Every structure is written in structure tokens, then in C-alpha cells.
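Novice: In terms of the numbering used here, the sequence shown has 193 at position 169, counting the first letter as 1, and numbering is strictly consecutive.
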Amino acid sequence: MNNIKGRGVMSKKNKRLPYLKFAEDYDDPYRSEYPNYSYCTECGIAYIDKNWKLDVDDSLNKNPIVCPACRKIKDNYFEGILYISGNFYKSHKDEIINLIKNEEHRQRLRTALPRIGKIEENEDGMIVYTTNDKLAYRLGKALFKAYKGDLSIKWSDNNIFTRVYWERDE
Ligand SMILES: [Zn+2]
Numbered sequence: 025m026n027n028i029k030g031r032g033v034m035s036k037k038n039k040r041l042p043y044l045k046f047a048e049d050y051d052d053p054y055r056s057e058y059p060n061y062s063y064c065t066e067c068g069i070a071y072i073d074k075n076w077k078l079d080v081d082d083s084l085n086k087n088p089i090v091c092p093a094c095r096k097i098k099d100n101y102f103e104g105i106l107y108i109s110g111n112f113y114k115s116h117k118d119e120i121i122n123l124i125k126n127e128e129h130r131q132r133l134r135t136a137l138p139r140i141g142k143i144e145e146n147e148d149g150m151i152v153y154t155t156n157d158k159l160a161y162r163l164g165k166a167l168f169k170a171y172k173g174d175l176s177i178k179w180s181d182n183n184i185f186t187r188v189y190w191e192r193d194e
């Protein structure tokens with residue numbers, strides 16, 4: 025646990041979200057530059073004016089590539105993990121999954137690259153793996169905003185890997 029730099033805890037008593045500054049430049053092994061109108065042959069997103077876009081006009085696509093998110097998912101390389109637990113989850117599972125998917129989509133309309141790579145279930149609840157640290161945080165924040173409960177965040181040095189915990193019992 026010695027790589028943990030900080031920890032934000034939220035509960036019913038402490039509803040303020042911690043201020044997080046994410047590192048903008050770090051040595052992401054998956055980061056690359058692409059020509060304009062490159063598109064991912066796996067998931068279909070396109071790279072236009074240095075932004076990743078969903079739902080683009082296919083006729084504009086020029087340069088086929090595999091995007092960093094698809095490469096991360098293939099390699100099982102994730103930068104964020106959201107742990108969902110507690111009895112509330114057990115009785116509201118579908119609702120929670122919908123909320124997470126909607127929040128993912130909302131975020132991807134702004135920048136299409138970060139996404140959920142994998143969802144696992146265990147006896148405590150659900151584990152959501154994201155290709156980007158900020159997305160795990162935003163999903164946790166959306167759960168907290170919708171259902172309260174307890175949200176805590178642990179991030180490693182340079183904030184390139186984030187663990188987010190959301191729990192609600194009743
Ligand atoms: Zn892709």
C-alpha cells in the first residue's frame with residue numbers, strides 16, 4: 025500500500041466531492057498520435073482534430089487503426105477500477121448497471137476513447153474496469169450522486185491508476 029498518495033472519503037456526513045487533479049502528461053505506453061480521420065477497426069471511433077469521436081460519418085474515415093482503448097482491453101490493461109458493494113447493489117443491480125452505462129455514454133460523447141473494458145461480478149458485488157482513471161472516478165461519482173452511500177477513492181502516484189469504492193448497505 026505504500027504507493028498510495030492520497031485518499032478521499034465521502035459519506036452521508038461528508039457530501040463534498042474531493043478535488044482531484046489528474047496528471048495530464050504521463051508516460052502512457054498506449055498514447056500515440058494518429059493522422060486526422062483515423063478510425064478504429066474494432067470499435068469504430070474516429071480521431072478528428074485530436075479528439076476521439078463516437079458516431080462519425082463513415083465516409084470521412086481514412087486511416088484504419090486499432091485505438092488505444094481497444095489495445096488496452098485486449099491486453100487486459102486498465103487504469104481504473106470501480107468496486108461496487110453492499111446490499112443496495114443486490115436489490116438494484118439492473119438499475120445500477122444502467123446508470124453506469126449511461127454515464128459511460130455521456131462521458132464518451134465528450135471524448136470517445138475512455139470506456140468500460142470489463143465488468144465482473146463476485147459475492148460482494150461488481151467490479152468495473154475502465155481504460156482510463158478518470159472514467160472510474162466519474163462512474164463512482166455518478167453512483168454517489170444518484171444513490172448517496174459511501175464513495176472513496178485511492179489513487180497511485182501520478183494518478184495514473186485509480187481505485188474507486190462505492191458501497192451502500194440499505
Ligand atoms: Zn477501438
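All C-beta atoms, glycine included, are put in the ideal place defined by N, C-alpha and C.
The structure displayed is predicted, hence computed values, not measured ones.
Using CA atoms only, rank isn't needed, just tell me which of A136, W179, P59 is closest to I89.
Specialist: P59
Novice: Would D148 and F185 qualify as a contact pair, given that the criterion is a beta-carbon distance under 8 angstroms?
Specialist: no
Novice: In its own chain, which residues sit with a C-beta less than 7 angstroms from the C-beta of E191, not counting the 5 before and 5 after it?
Specialist: Listed in chain order, the non-local C-beta contacts of E191 below 7 angstroms within the same chain comprise S109, G110, G173, D174, local neighbours out to five positions each way being set aside.
Novice: Any chance you could list the alpha helix (DSSP H) runs of at least 4 consecutive residues sitting entirely within the stretch 106-186, in chain order?
Specialist: 111-115, 117-134, 157-171
Novice: Would you check if the distance between the CB atom of A160 and the CB atom of V188 is smaller than 8 angstroms?
Specialist: yes
Novice: Out of D73, I105, R55, which has the shortest C-alpha to C-alpha gap to S62?
Specialist: If we check each option's Cα against that of S62, D73 comes out closest.
Novice: Which residue wins for smallest C-alpha separation from R139, given the options E145, N146, S180, E127?
Specialist: E127
Novice: In angstroms with no decimal places, state the Cα-to-Cα distance between K142 and R95.
Specialist: K142 and R95: Cα-Cα distance of roughly 13 angstroms.
Novice: Within 10 angstroms of its Cβ, does T154 collect 16 or more other Cβ (buried), or is it exposed?
Specialist: buried
Novice: Determine the burial state of K77: buried for a count of at least 16 other Cβ atoms within 10 Å of its Cβ, exposed for fewer.
Specialist: buried
Novice: Mapping DSSP to helix, strand and coil, what is C94?
Specialist: helix
Novice: Nearest to R55 by CA position, among A170, C67, L137, is which residue?
Specialist: L137
Novice: Exposed or buried, E103, counting other C-beta atoms within 10 Å across all chains shown (16 or more means buried)?
Specialist: By the neighbour-count definition (other C-beta atoms within 10 Å, threshold 16), E103 is a buried residue.
Novice: I'd like the span of the beta strand (DSSP E) that includes I89, first residue to last.
Specialist: 87-89
Novice: Taking the continuous beta strand (DSSP E) assigned at I72, which residues delimit it?
Specialist: 70-72
Novice: Beta-carbon within less than 6 angstroms of L15's beta-carbon, same chain only, minus the 5 sequence neighbours each way: which residues are those?
Specialist: Since the displayed the chain opens at 25 and closes at 194, residue 15 lies outside it and no answer follows.
Novice: When you compare the CB positions of C91 and I69, do they come within less than 8 angstroms of one another, or not?
Specialist: Between C91 and I69, the gap from beta carbon to beta carbon is short of 8 angstroms.
Novice: Determine the burial state of A93: buried for a count of at least 16 other Cβ atoms within 10 Å of its Cβ, exposed for fewer.
Specialist: Counting Cβ neighbours within 10 Å, A93 comes out buried, since at least 16 surround it.
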